[in-house]
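Chains as they are written, first to last, in my numbering: chain A, 111 to 369; chain B, 111 to 369.
No residue lacks a Cβ here, since even glycine has one placed at the ideal position from N, Cα and C.
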DNA sequence: AACTATTTGTACGTATGTATC
DNA sequence: TGATACATACGTACAAATAGT
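As structure tokens, this is what we get:
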């Protein structure tokens with residue numbers, strides 16, 4: 111069977127049909143919108159008119175319009191028809207932290223072995239790294255990240271910088287090494303993360319870090335700097351994590367938001 | 111007319127029908143997933159079974175499953191059924207691609223100079239890197255990323271792998287080097303991105319790449335692999351970008367959603 | 001490697017409900 | 001109030017992809 115669809119040249123189902131018909135209709139309409147033939151604010155033809163134009167069933171036309179809706183190009187109302195809202199799709203993507211994989215990236219699944227806790231004053235080099243003012247005082251908690259295996263080399267090294275006001279945490283962290291520090295802060299001080307800024311860079315391992323991580327000096331590694339901001343935009347916790355290249359991949363998943 | 115739907119108590123259309131039937135089915139299934147009756151990784155019953163269970167038409171069942179798909183709870187494949195991917199549609203952190211900084215990360219702000227376009231068949235090593243089956247054929251587009259400065263060294267090297275079905279793009283890409291390839295695909299083929307998976311790793315520059323990038327072999331670099339998935343969960347575009355450590359920082363901002 | 005059976009995908013038709021101009 | 005346009009629901013048939021033989 112070969113179908114002829116006037117508005118969209120030939121279309122035939124079967125092995126030669128590279129694109130489905132409703133997708134074709136959707137694309138044609140989307141192009142019409144992008145090109146200004148259907149300007150923002152105007153209305154598309156009614157479903158039944160599109161059916162005759164494209165010689166398609168109502169079902170097919172609706173599937174096409176649903177696509178446009180998903181792209182955020184049009185909105186629909188019962189009696190009012192289909193309104194063009196946007197000439198191109200500009201939807202955001204959402205990252206979810208819910209799945210276990212994602213949490214691994216944020217440190218929950220790793221065992222943390224505290225190596226060192228002490229006060230530091232930020233010098234110029236560190237200030238540039240952390241993105242804060244030089245001279246600021248922090249409590250620094252250094253720890254190794256391990257996975258389950260006892261004799262596997264560590265996955266990474268973490269320095270967590272927190273406001274000295276939270277110095278009480280010093281003791282708690284020793285007791286509950288598996289809890290995330292920002293969860294502790296949220297639980298004890300009610301300061302909630304509003305925003306996380308992350309920077310990921312490559313660098314060569316310093317001799318000192320290489321020794322601690324049981325790796326070769328100069329080997330490539332990943333450095334992840336996370337700044338945890340509260341509602342006011344103040345960074346109340348900053349973490350710097352170093353992972354030798356072969357032991358860690360930073361991965362994430364962004365899903366496009368739905369209309 | 112009053113319809114009786116065994117699995118979901120009474121349902122009647124008309125003024126008293128607060129919820130449509132397909133929404134009801136969708137909610138029931140979503141609850142089943144959240145409660146663990148359909149664990150992540152398991153499969154939902156086939157459409158026809160759901161039809162008999164809910165005493166609904168296939169049309170209605172499909173509309174319900176489409177809802178779940180939109181929420182990211184399930185994925186579907188032909189023959190293989192409907193797989194549970196996620197137990198809840200989480201209000202997590204949200205990354206917006208609206209700001210200029212964010213767009214930089216996705217390549218829009220860089221100038222792209224195409225070096226090479228050709229067909230490749232994925233070997234074992236590349237398959238592991240891309241996360242696809244060995245033996246698959248792709249069209250590979252290699253390009254240098256430059257910023258504004260004429261004599262500054264390149265920011266990175268990108269290999270974009272796309273389905274050979276989109277081979278027509280070969281010509282278009284030369285004409286419009288500043289347009290993102292996935293925008294081209296979306297505009298011309300109507301295949302839209304539902305999800306982006308990103309892996310970021312550190313590695314040492316190979317001699318060949320180092321030459322192309324005007325950097326030292328063995329120097330640390332960032333490798334970003336992005337897999338662009340459509341609604342069905344199929345990767346229709348994969349890009350691999352390499353940035354010398356000193357020329358690029360991968361940064362992002364996550365905001366906690368209201369709720 | 002070719003075939004078959006199964007499951008989802010696309011497309012058709014029809015009828016009625018619902019919101020709203 | 002009535003007519004209009006989208007929304008939901010039933011049905012059927014065949015195509016496409018793929019897991020399993």
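How close, in whole Å, do the beta carbons of residue i and residue j come, if the pair is a contact with beta carbons under 8 Å?
i: residue 354(B); j: residue 314(B); result: Not really, about 11 Å apart at Cβ, beyond 8 Å.
i: residue 359(A); j: residue 334(A); result: With 8 Å as the limit, residue 359(A) and residue 334(A) do not qualify as a contact, their Cβ atoms being about 11 Å apart.
i: residue 255(B); j: residue 307(B); result: About 21 Å; that fails the 8 Å criterion.
Name the two residues that bound the continuous alpha helix (DSSP H) containing residue i.
i: residue 135(A); result: 131-144
i: residue 177(B); result: 168-180
i: residue 164(B); result: 157-164
i: residue 228(A); result: It is not in any alpha helix (DSSP H) - residue 228(A) instead sits in the beta strand (DSSP E) that spans 221-231.
i: residue 339(B); result: Run containing residue 339(B): none in the alpha helix (DSSP H); it sits in the beta strand (DSSP E), 330-339.
i: residue 249(B); result: No alpha helix (DSSP H) contains residue 249(B), which is instead part of the beta strand (DSSP E) from 247-256.
i: residue 237(B); result: 234-240
Determine, using beta carbons only, whether residue i and residue j come nearer to each other than 8 Å.
i: residue 228(A); j: residue 250(A); result: yes
i: residue 178(A); j: residue 184(A); result: yes
i: residue 147(A); j: residue 191(A); result: no
i: residue 245(A); j: residue 232(A); result: yes
i: residue 195(A); j: residue 150(A); result: yes
i: residue 347(A); j: residue 364(B); result: no
In angstroms, rounded to a whole number, what distance separates the CA positions of residue i and residue j?
i: residue 257(B); j: residue 349(A); result: 30 Å
i: residue 182(A); j: residue 324(A); result: 51 Å
i: residue 264(B); j: residue 281(B); result: 24 Å
i: residue 235(A); j: residue 143(B); result: 50 Å
i: residue 193(B); j: residue 138(B); result: 16 Å
i: residue 345(A); j: residue 336(A); result: 10 Å
i: residue 224(B); j: residue 175(B); result: 42 Å
i: residue 343(B); j: residue 189(A); result: 35 Å
i: residue 312(B); j: residue 310(A); result: 10 Å
i: residue 288(B); j: residue 253(B); result: Legend: pLDDT at residue 288(B) = 49, less than 50; position of this residue unreliable, value from coordinates given subsequently. Taking the straight line from one Cα to the other gives about 12 Å.
i: residue 340(A); j: residue 301(A); result: 7 Å
i: residue 164(B); j: residue 361(A); result: 39 Å
i: residue 210(B); j: residue 162(B); result: The pLDDT assigned to residue 210(B) is 43, lower than 50, so where the model puts this residue is not dependable; a value taken from the coordinates is nonetheless given after this. Cα to Cα, residue 210(B) sits roughly 51 Å from residue 162(B).
i: residue 319(B); j: residue 279(A); result: 47 Å
i: residue 212(B); j: residue 166(B); result: In this prediction, residue 212(B) scores a pLDDT of 49, lower than 50, which makes its location untrustworthy; no coordinate-derived value is stated.
i: residue 208(B); j: residue 197(A); result: The pLDDT assigned to residue 208(B) is 45, lower than 50, so where the model puts this residue is not dependable, and the model offers no usable value.
i: residue 272(B); j: residue 247(B); result: 9 Å
i: residue 303(A); j: residue 270(A); result: 15 Å
i: residue 331(B); j: residue 317(A); result: 18 Å
i: residue 277(B); j: residue 132(A); result: 22 Å
i: residue 322(A); j: residue 283(A); result: 21 Å
i: residue 356(A); j: residue 262(A); result: 13 Å
i: residue 186(B); j: residue 238(A); result: 47 Å
i: residue 338(B); j: residue 268(B); result: 15 Å
i: residue 274(B); j: residue 326(A); result: 42 Å
i: residue 145(A); j: residue 242(A); result: 47 Å
i: residue 157(A); j: residue 240(A); result: 56 Å
i: residue 168(B); j: residue 141(A); result: 32 Å
i: residue 173(B); j: residue 160(A); result: 22 Å
i: residue 226(B); j: residue 130(A); result: 32 Å
i: residue 366(A); j: residue 155(A); result: 28 Å
i: residue 180(B); j: residue 180(A); result: 9 Å
Please list the terminal residues of the continuous beta strand (DSSP E) segment that includes residue i.
i: residue 323(B); result: Careful: residue 323(B) lies outside any beta strand (DSSP E), inside the alpha helix (DSSP H) at 317-323.
i: residue 311(A); result: 305-314
i: residue 266(B); result: 266-272
i: residue 109(A); result: For chain A, the structure presents residues 111 to 369; residue 109(A) sits outside this window and is missing.
i: residue 302(B); result: Looking at the DSSP string, residue 302(B) is not in any beta strand (DSSP E), and its letter there is neither H nor E.
i: residue 195(B); result: Careful: residue 195(B) lies outside any beta strand (DSSP E) and carries neither H nor E.
i: residue 346(B); result: 345-354
i: residue 187(A); result: 184-187
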